[in-house]
Amino acid sequence: MANSNSGDRLAQIEALLQQSVIASDQRMTRLEQAMERDRQESNERMTRFESGLERIEAGLEETRQLVHSNNRFLESFSQDLRKYTESTNNLATRIDGVIATSNQDRQQANSRLAVIERMVRAIVTHLGVPQ
544 MANSNSGDRL AQIEALLQQS VIASDQRMTR LEQAMERDRQ ESNERMTRFE SGLERIEAGL
604 EETRQLVHSN NRFLESFSQD LRKYTESTNN LATRIDGVIA TSNQDRQQAN SRLAVIERMV
664 RAIVTHLGVP Q
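Given below as structure tokens:
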């Protein structure tokens with residue numbers, strides 16, 4: 544009987560060991576599946592991240608090109624503005640010269656007219672023409 548008890552006990556231990564191995568295998572399988580899901584999710588997140596990074600880099604490059612283009616425009620506009628300012632200053636200087644010459648001519652004409660008017664008055668007075 545001791546042998547029979549020992550055999551039963553051994554069978555129970557073997558059964559428990561078998562169940563433990565099966566449970567351990569199942570836990571291992573679930574763990575492996577969970578790890579595989581986590582790896583896939585991680586890969587998907589990394590793919591989305593890389594894709595987002597590529598979009599950001601493309602947007603950054605587009606912004607750089609836009610800034611470069613704007614800088615070229617501003618440089619050209621600044622040169623045009625300097626030329627316009629210089630031309631306007633030259634025109635103002637010429638206009639000032641024309642005005643000064645016109646004022647001088649007007650003064651000379653007024654002086655001549657004043658001389659002529661005095662002469663006409665003197666002639667009218669000399670001739671005795673009523674005024």
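For any residue, its number in this note's numbering is found by taking its place in the sequence shown, counting from 1, and adding 543. For glycine and all other residues, C-beta sits at the position ideal for the given N, C-alpha and C.
(1) Here's a check: name, in chain order, each residue in its chain whose Cβ is nearer than 6 Å to the Cβ of Leu-560, leaving out the five neighbours to either side.
(2) Just to confirm the assignment: which complete beta strand (DSSP E) runs, minimum length 3, are found wholly within the region 608–659?
(3) Going by the beta-carbon positions, is the gap between Gln-674 and Val-667 smaller than 8 Å?
(4) Can you tell me whether DSSP reads Gly-671 as helix, strand or coil?
(5) Within a Cβ cutoff of 6 Å, which residues of the same chain sit near Phe-616, ignoring the five residues on either side of it in sequence?
(6) Measure the C-alpha to C-alpha separation of Glu-618 and Glu-604 and round it to an integer number of angstroms.
(7) Which residues in the same chain as Ser-711 place their Cβ atom closer than 8 Å to its Cβ, once the five residues preceding and following it in sequence are excluded?
Judging by the given coordinates:
(1) So no residue of the chain qualifies.
(2) If we require 3 residues or more, the region 608–659 turns out to have no beta strand (DSSP E) run fully inside it.
(3) With respect to Val-667, Gln-674 sits close: the two C-beta atoms are nearer than 8 Å.
(4) Coil at Gly-671, not helix or strand.
(5) Excluding positions up to five away in sequence, the list is empty.
(6) Those two C-alpha atoms are separated by around 21 Å.
(7) A question about residue 711 goes unanswered here, because the residues of the chain that appear run from 544 up to 674.
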